[in-house]
Structure formats: C-alpha cells, structure tokens
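Residue numbers (my numbering), protein chains in the order written: chain R, 4 to 258; chain Z, 4 to 258; chain V, 4 to 258.
Note that CB positions come from ideal geometry on N, CA and C, so glycine has one too.
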C-alpha cells in the first residue's frame with residue numbers, strides 16, 4: 004500500500020539520530036547517500052554518538068530532542084544491534100514529523116507521547132549490505148520522503164511500535180555529555196520541583212541552572228530539552244556522583 | 004540603541020567556536036537554529052572542543068584562528084560556565100568580523116589586538132532555557148546578523164571586553180590536538196627564533212616544521228595560525244614532553 | 004603542462020579523507036577554504052580520524068571507501084607525516100574520480116586497482132605554512148578541480164604512485180571503529196568464505212553479519228565496503244579478540 008507524503012513539498016531538513024559515531028566513515032557515507040538522492044535538503048547531525056545497543060535509552064531521548072524541529076522534518080534514526088536480521092524497518096509519522104529506522108523499540112516512547120501517529124513497514128531489503136542498513140536501506144527512504152516522495156511501505160498498526168514492558172519514564176542515566184552532565188530518561192515534568200532524588204547513594208536537590216548553586220555542588224535540573232539531568236556547577240557530575248550510562252536513581256521512598 | 008550591520012548584505016559564513024563537543028546534541032541543535040533562521044548561510048565548525056570552562060585559553064585561540072576569515076564572517080563563540088547567571092551577552096565587531104557570545108573574557112584578546120572595534124550588549128534573555136544560551140540566545144543573534152539584520156543591543160564601551168589582569172601572551176598550553184601537538188597562548192611573533200623555551204623541565208628549540216628535525220625529536224614552531232606550538236616529529240609532544248592543557252612554560256631566565 | 008579536467012562541469016561533491024581529527028580546528032579550516040573557493044560544492048567528511056602517520060593502512064581503505072562515489076567526485080586525501088618536507092603533492096585521476104594529496108604512498112593501492120589512471124605532480128608550494136598543506140596547498144587544488152578548473156601540475160608517470168614493496172592485501176587491522184569492529188587491509192574477495200582466519204592466537208570463522216551468530220561470538224565478515232572485518236555480535240571485537248590497529252592476522256597455514 005502506498006501513502007502520499009502529506010507534507011506535499013517534502014522536508015526542509017533531514018536529521019540524523021544515530022549511534023554511528025562521528026569517528027570512522029559511517030556518518031559520511033550516510034550523508035553521501037542523502038547528498039546524492041536529496042541534494043537540496045540540509046542534513047543536521049543531532050546525535051551521532053548514542054550509546055551503542057542502548058535502544059531504550061535512545062528511545063527516551065528521541066521525543067525530547069525531536070520536539071523542537073518543525074513539521075515535516077525527516078529523522079533518520081539508527082540504533083540497530085539487530086541489523087541484517089529479521090527486525091523490520093519502519094516509517095513513522097508522529098505529530099507531523101517523519102521518522103525512519105529499525106523497529107526494535109526505538110520509536111516506543113515517541114509513539115506513546117505522540118498526539119497523531121501513523122506507521123508503515125518497509126519492504127524486506129533487496130540486494131544490499133547485511134551490516135549497514137542505515138546507509139543502504141534507511142537513508143534512501145529518508146531521501147525519498149524528504150524530496151516529497153511517497154512512503155513505499157505497508158501501513159501497519161501503530162501498536163507495533165510499542166514496548167508495553169517499558170515504563171513512561173526511565174529512571175536511569177541514558178547519556179553523559181562531554182561536560183560530564185548525565186541526561187536521564189525521565190521527563191522533568193514528571194518530577195515535582197522539591198523532590199530530592201536518590202542517585203548512587205546520594206541525595207540530589209533540584210536547581211534552576213548551574214550558576215544557581217556554588218561551584219562544585221551537584222544538582223538536578225530540567226535540562227534545555229525537558230529531561231531530568233544531573234550536573235555539577237563548574238565540575239563533572241559523572242565524576243563527582245560516580246555516574247555511568249545505566250546508573251539507576253529513584254524518587255524518595257522509591258525502590 | 005540600534006546599529007545597522009554595515010556589511011549591508013550580511014555574512015557569507017557563520018563560524019562556530021565552542022566547547023560544546025561534537026559528541027551529543029549541542030552542535031546539531033545550534034546548527035538547526037541557524038538552518039531555520041539563516042538557511043542560506045553555510046556554517047563551519049572551527050572549534051567544537053575548546054577546553055570546557057577555560058575562557059582565557061579560548062580567548063588566546065580566537066584572534067589567531069579568526070584572522071584568516073573574510074570580513075563579515077559571523078563567529079558564534081561560546082565557552083560559558085556562567086550560563087544562566089548575570090553575565091551579559093555581547094556582539095563585537097572587530098576588524099570587520101562579527102562575534103557573538105557571553106562576555107566573561109572570551110573576547111579580551113581579540114579586543115586588545117583589533118584595529119577597529121565596537122561592542123553592543125544584548126538585552127537580558129526572555130523566556131528561554133537557563134542552560135543553553137548558545138542555542139536559545141546567541142544562535143538567533145548570529146542568524147539575524149548573518150542575514151544582514153541590525154544589532155539589537157545597546158552600544159557599550161569596548162573596555163567592557165577587557166581583562167586588564169590578563170597578559171598579552173599566555174605562557175601555557177591552551178589546546179592539545181589529536182596528534183599530541185600542544186598549542187600555546189603565545190604569539191610566535193613575540194618570541195625570537197633562536198629562543199630555547201623551558202617546558203616541563205626541558206629545553207626545547209625552535210624548528211621550521213616537523214620534517215626539519217629527526218623523528219622523535221621535540222621542537223617548538225610557529226604553527227599555521229601564528230601561535231607557538233610544541234611538537235614532536237612523528238611522535239606526540241604531550242606524551243614525550245609530559246604536557247597537559249594548562250602546562251606552563253617560560254622564556255630562558257623567565258620565572 | 005596543463006590538463007583540462009575532462010569532467011567539464013566540475014564535481015558535485017568534495018570528499019575529505021584525512022587524519023586531521025574532528026577535534027580541533029583543522030577540518031573546519033579546510034572546509035572554510037573549500038567554502039570560499041568552491042562555494043557551490045557540498046563537502047562530505049568520509050574519514051576524519053584515519054590513524055595518524057599510517058599511510059599504508061589508509062591506502063588500503065581509500066579504494067574500498069571511494070568506490071561508491073560517483074564519477075568526478077574530488078577526494079582531498081591527507082595522511083602526511085612528511086608535511087613541509089620534500090615529498091611532492093599529486094593529483095590522481097582514477098576511474099573517473101579525482102584525488103589530491105601528498106605522494107607518500109597514500110594512492111598506491113588505488114593506483115594498483117584502478118582501470119584508468121593518470122597522475123600530475125603539483126608545483127612546489129609557494130609562500131604557505133610549512134605544517135598545514137591540507138589547508139594551504141591541497142584544499143585550493145581540490146576547490147579548483149571541483150569548480151571544473153584545469154589541473155595545474157606536470158603530468159608524471161603513474162608509476163610514481165606505486166609502492167612495489169607493499170602487498171596487494173595487507174593482513175593487519177587498519178582501523179577500529181567506535182563499536183570495536185576491526186577493519187583490515189584485506190579485500191574480502193581475496194579470502195574464500197570457508198577460511199578460518201588466525202588472529203591474536205585465535206581461530207575466527209566467517210559469518211554473513213552480526214545477527215547470524217550468537218551474542219558474544221566473534222566472526223569475520225565482508226564488511227559493507229568489501230573489506231575483511233573482525234566483529235563480535237553485540238560486543239567489541241577489539242576487546243574480545245585483543246585487537247589494536249596494527250594487529251596482524253593470517254590465513255590458515257600462513258606465516
């Protein structure tokens with residue numbers, strides 16, 4: 004079943020959301036495909052260093068970091084430990100934006116939070132590499148959509164995106180940035196401002212931003228994309244609080 | 004007070020000079036703002052990995068690495084440990100190029116070396132994030148200037164950029180590159196060619212370039228942007244000379 | 004001797020293949036030159052983190068990763084430990100694509116594998132930096148070629164590109180990617196599918212792709228660019244097999 008990209012004129016932006024790393028050839032190879040197949044569309048690297056294999060963590064970041072982009076933006080999303088296997092590729096339209104990638108849970112949070120949602124399953128790949136579907140399968144679909152082309156996949160129930168065993172908010176660190184700040188899978192809107200979070204055996208209070216606490220003090224705050232983030236003013240939260248990707252935390256009295 | 008961007012047609016280039024890291028979402032988020040608000044202007048990442056919080060080091064690099072860019076280039080400059088606090092944002096026009104960023108000293112060296120200099124203070128930010136002014140405050144100003152828009156700030160004395168307690172040349176390592184070369188805050192023009200520098204307890208002579216010394220030998224040289232840099236032919240200066248960002252050095256007989 | 008760029012209308016793409024690192028200013032400075040001198044031509048970073056000084060390893064990667072690009076693509080290739088010394092710069096046309104860089108062996112494998120091959124030697128650099136020919140010598144030539152300009156160099160025998168002491172396939176790891184996969188200098192077409200490779204004292208069998216072996220198992224496979232690559236399903240081959248850049252391996256019974 005074909006579906007007309009109802010944006011009409013296509014996207015004005017393609018956004019990459021991957022674990023490919025800026026190192027090595029992978030991002031460049033994907034960009035080369037997009038440049039050849041959708042030459043007029045700018046490409047932005049939003050995340051290139053998502054934690055390899057951590058689909059659930061990436062799934063928390065996606066809706067938080069995609070929300071600021073305009074309608075019709077096309078997101079190429081790849082965290083894909085199952086590449087080459089049976090997991091299907093999908094196209095998702097959520098609140099006017101488009102997402103393409105492997106369906107291993109990456110779109111679960113997006114789907115749960117979206118107001119308007121549709122989903123198509125991509126046909127089984129033809130004669131392409133078994134290890135680089137980002138380049139050989141998903142990038143051509145992203146280019147086609149961005150140019151205003153049709154979705155060439157079968158419409159499927161959006162329930163296929165769900166992971167019913169995943170909570171609405173994920174109480175662990177999902178990404179540590181270069182400053183040592185620890186982004187979590189919890190929406191700040193889900194935590195009251197006076198809550199003292201318990202992380203790595205330590206109580207951590209909320210602050211509005213870095214300069215509101217003394218240098219060296221740890222705090223949690225609603226980061227610039229609405230997620231709970233642990234930070235230290237003029238220091239590294241990962242070092243001071245001994246946090247890693249995956250470190251769990253809890254509400255007071257929580258388990 | 005409004006001021007007409009006297010370049011008339013706006014910039015042909017926006018240059019990013021930040022400590023955001025290529026990791027994570029920050030550079031991509033800034034690029035997305037620029038793409039939306041100044042879609043016709045190319046964006047170059049000059050430095051994305053300035054040493055976090057090291058404003059003085061970055062201030063030494065800025066004039067050295069900006070000098071090769073054409074007039075009207077717009078530099079978005081962010082090393083901003085005080086984000087969200089009271090420190091003001093500024094627009095600087097120096098020798099025909101434009102600079103936008105937080106005024107915590109980052110433009111001090113540029114201001115001291117510039118022939119022609121003007122400065123405007125940005126209004127207090129409105130309802131934006133308290134932790135990501137690079138995206139929410141400075142990028143929109145850069146986009147507006149690059150499009151040929153007016154500076155929407157109050158003209159202020161250029162003395163506000165100064166740090167009178169900072170020397171003209173900073174005798175320490177300010178950046179170590181991926182090859183282990185150590186860029187310093189000293190202009191090569193300020194050091195005679197026959198000077199033997201004292202660094203980490205070792206005397207280091209000048210050479211013209213790598214291939215002029217035997218493999219494994221350390222030397223200092225005037226790097227391709229006019230700064231004193233320590234290097235080792237076919238080796239790593241940071242390892243061989245035990246240098247870190249911040250390692251001080253001195254002239255012979257200096258303290 | 005001048006030679007007309009027989010692509011007529013110039014390139015539609017400039018590709019960077021370097022060891023400059025995404026860190027620091029170097030890629031940005033090269034991009035700025037290209038942007039100024041060939042503003043209409045998109046630039047792709049294919050490899051920015053080739054192993055410093057490892058010309059032979061990079062020479063193995065170049066034809067494998069360049070083959071997918073269209074004719075007339077211009078590759079700016081720099082792994083250049085001899086920068087500033089006597090080594091000449093060259094322009095190579097191989098199977099319709101263009102390559103610019105220092106001639107220290109980087110084009111040896113490309114030349115050996117090419118069907119159609121021409122080579123020109125660049126004139127001795129004029130008054131430019133002695134340490135950054137990527138920016139000051141090679142980028143301007145790439146921009147000129149991409150715009151459809153003539154090669155401004157002397158035609159020289161293609162034998163100057165050769166390294167007769169280098170084998171057709173290099174049985175060692177030449178690049179480790181962010182997932183810990185180890186790319187080698189061996190074309191997969193040169194190894195039968197049933198061959199068990201010997202690496203770091205361990206036998207490693209071939210698989211089609213990651214999902215074809217149990218999680219944690221090591222295998223070798225023909226990667227998405229036709230090179231032999233060691234990998235571990237949902238793990239890191241560099242850690243599991245104790246591989247580094249430079250680790251040698253062999254065919255069964257080989258030395």
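Task: Pick from 121/V, 172/V, 255/V and 169/V that is closest to residue 208/V, judged by C-alpha positions - done: Answer by Cα proximity: 255/V.
Task: Nearest-angstrom beta carbon gap, residue 39/Z and residue 73/R [assumed within contact, 8 Å] - done: 7 Å between Cβ atoms; contact.
- [ ] Decide if residue 96/V is buried, meaning its Cβ has at least 16 other Cβ atoms within 10 Å, or exposed.
- [x] Counting Cβ neighbours within 10 Å, residue 96/V comes out buried, since at least 16 surround it.
- [ ] Tell me whether residue 8/V sits in a helix, a strand or coil according to DSSP, three-state version.
- [x] The predicted position of residue 8/V is uncertain, since its pLDDT is 43 and thus under 50; no value can be drawn from it.
Task: Neighbour list for residue 135/V in chain Z, Cβ cutoff strictly below 7 Å - done: Neighbours of residue 135/V across chain Z, judged by C-beta separation under 7 Å: 227.
Open item on the list: Pull the bridge partners of residue 123/V from the DSSP assignment, please.
Closed with: Among the bridge pairs identified by DSSP, residue 123/V is matched with 94/V and 158/V.
TODO: Could you tell me whether any Cβ in chain V is nearer than 7 Å to the Cβ of residue 26/R?
DONE: Using beta-carbon distances, residue 26/R counts as an interface residue toward chain V, with a partner under 7 Å.
TODO: Could you tell me whether the segment 199-214 of chain R touches the segment 146-153 of chain R, where touching means 3 or more Cβ pairs closer than 8 Å?
DONE: The way I'd put it, the segment 199-214 of chain R doesn't touch the segment 146-153 of chain R; fewer than three beta-carbon pairs between them come closer than 8 Å.
Task: Neighbour-count burial assignment, residue 54/Z, 16 or more Cβ in a 10 Å radius - done: Buried is the call here.
TODO: State the beta-bridge partners of residue 253/Z as determined by DSSP.
DONE: For residue 253/Z, which the question treats as bridged, DSSP gives the partners 201/Z.
- [ ] Taking all protein chains shown into account, decide if residue 52/R is buried (16 or more other Cβ within 10 angstroms of its Cβ) or exposed.
- [x] Burial call: buried.
Task: Alpha carbon of residue 46/Z to alpha carbon of residue 19/Z, nearest angstrom - done: Using only the alpha carbons, I get a separation of about 7 Å.
Open item on the list: Do residue 216/R and residue 223/R have their beta-carbon atoms positioned less than 7 Å apart in this structure?
Closed with: Remark: C-beta atoms of residue 223/R and residue 216/R do not approach each other more closely than 7 Å.
TODO: With DSSP as the reference, please indicate the residues paired to residue 188/R in a beta bridge.
DONE: For residue 188/R, which the question treats as bridged, DSSP gives the partners 173/R.
TODO: Kindly indicate if chain R contains any beta-carbon less than 7 Å away from that of residue 11/V.
DONE: Residue placement at residue 11/V is flagged as unreliable, the pLDDT there being 40, under the threshold of 50; the coordinate-derived value follows with that caveat. Interface criterion not met: the Cβ of residue 11/V is under 7 Å from no Cβ in chain R.
TODO: May I have the straight-line CA-CA distance separating residue 112/Z from residue 65/Z, to the nearest angstrom?
DONE: Taking the straight line from one Cα to the other gives about 8 Å.
Task: Proximity winner among 137/R, 130/R and 180/R, relative to residue 85/R (alpha-carbon distances) - done: Of the candidates 137/R, 130/R and 180/R, the one whose C-alpha sits nearest the C-alpha of residue 85/R is 137/R.
Task: Cut-off 6 Å between Cβ atoms - residues of its own chain near residue 184/R, not counting five sequence neighbours on either side - done: 232, 234 and 240.
Task: Beta carbon proximity, residue 180/Z to chain V, threshold 7 Å - done: So yes, residue 180/Z belongs to the interface.
Task: Residues of the segment 34-52 of chain Z with Cβ closer than 8 Å to any Cβ of chain R, in chain order - done: For the segment 34-52 of chain Z, the set of residues with a beta-carbon nearer than 8 Å to any beta-carbon of chain R comprises 34, 35, 38, 39, 42 and 52, in chain order.
Open item on the list: To test your reading of the DSSP string, which unbroken alpha helix (DSSP H) runs of 4 or more residues are found completely within the segment 12-65 of chain Z?
Closed with: Runs found: 29-40.
Task: Beta-carbon proximity check, residue 94/V vs residue 13/V, cutoff 7 Å - done: Result no, Cβ atoms of residue 94/V and residue 13/V do not sit closer than 7 Å.
Task: Per-residue burial, residue 251/R [other beta carbons within 10 Å of its own, 16 or more giving buried] - done: By the neighbour-count rule (16 or more Cβ atoms within 10 Å), residue 251/R is not buried but exposed.
- [ ] Alpha carbon to alpha carbon, how far is residue 206/V from residue 225/V? Give it in angstroms, no decimals.
- [x] C-alpha of residue 225/V to C-alpha of residue 206/V: approximately 17 Å in a straight line.
- [ ] Check the Cβ of residue 212/Z against every Cβ in chain V and list those closer than 9 Å, keeping chain order.
- [x] Under the 9 Å cutoff, chain V gives 86, 87, 88, 132, 133 and 134.
Task: Under 7 Å by beta carbon: chain V residues contacting residue 72/Z - done: Contact note: residue 72/Z reaches chain V through 35, using a C-beta cutoff of 7 Å and chain order.
- [ ] Express the C-alpha separation of residue 210/V and residue 220/V in angstroms, rounding to a whole number.
- [x] Spanning the two alpha carbons is a distance of roughly 10 Å.
TODO: Give a yes or no on whether the C-beta atoms belonging to residue 130/V and residue 117/V are separated by under 7 Å.
DONE: Judged by their CB atoms, residue 130/V and residue 117/V are not nearer to each other than the 7 Å cut-off.
TODO: For residue 7/Z, I'd like the list of residues in its chain whose CB is within less than 7 Å of its CB, leaving aside the five on either flank, ordered along the chain.
DONE: The predicted model places residue 7/Z with a pLDDT of 46, which falls under 50 and marks its position as unreliable, so this point remains unresolved.
Task: alpha helix (DSSP H) segment containing residue 100/R, residue limits - done: Residue 100/R -> not in any alpha helix (DSSP H); beta strand (DSSP E) instead, spanning 100-105.
Task: is_contact[residue 68/V, chain R] using C-beta, thresh 7 Å - done: Output row for residue 68/V: interface = yes.
Task: Neighbourhood of residue 249/Z by C-beta distance below 7 Å, restricted to the same chain and skipping five residues each side - done: Within the same chain, residue 249/Z has close Cβ partners 175 and 176.
TODO: Could you round the C-beta distance between residue 244/R and residue 63/R to whole angstroms and report it? I think they count as a contact, below 8 Å.
DONE: Beta-carbon to beta-carbon, residue 244/R and residue 63/R are separated by about 19 Å, too far to satisfy the 8 Å threshold.
Task: Distance between residue 144/V and residue 78/V (C-alpha atoms, nearest Å) - done: Whole-angstrom Cα-Cα distance: 11 Å.
TODO: Flag residue 7/R as yes if its beta-carbon sits less than 7 Å from any beta-carbon of chain Z, otherwise no.
DONE: Residue confidence for residue 7/R is low, a pLDDT of 46 falling below 50, so the modelled location carries little weight; the figure read from the coordinates is stated next. No, no contact with chain Z.
Open item on the list: Just to confirm before moving on: does the CB-CB distance between residue 106/Z and residue 91/Z stay below 7 Å?
Closed with: Yes, the Cβ-Cβ distance between residue 106/Z and residue 91/Z is below 7 Å.
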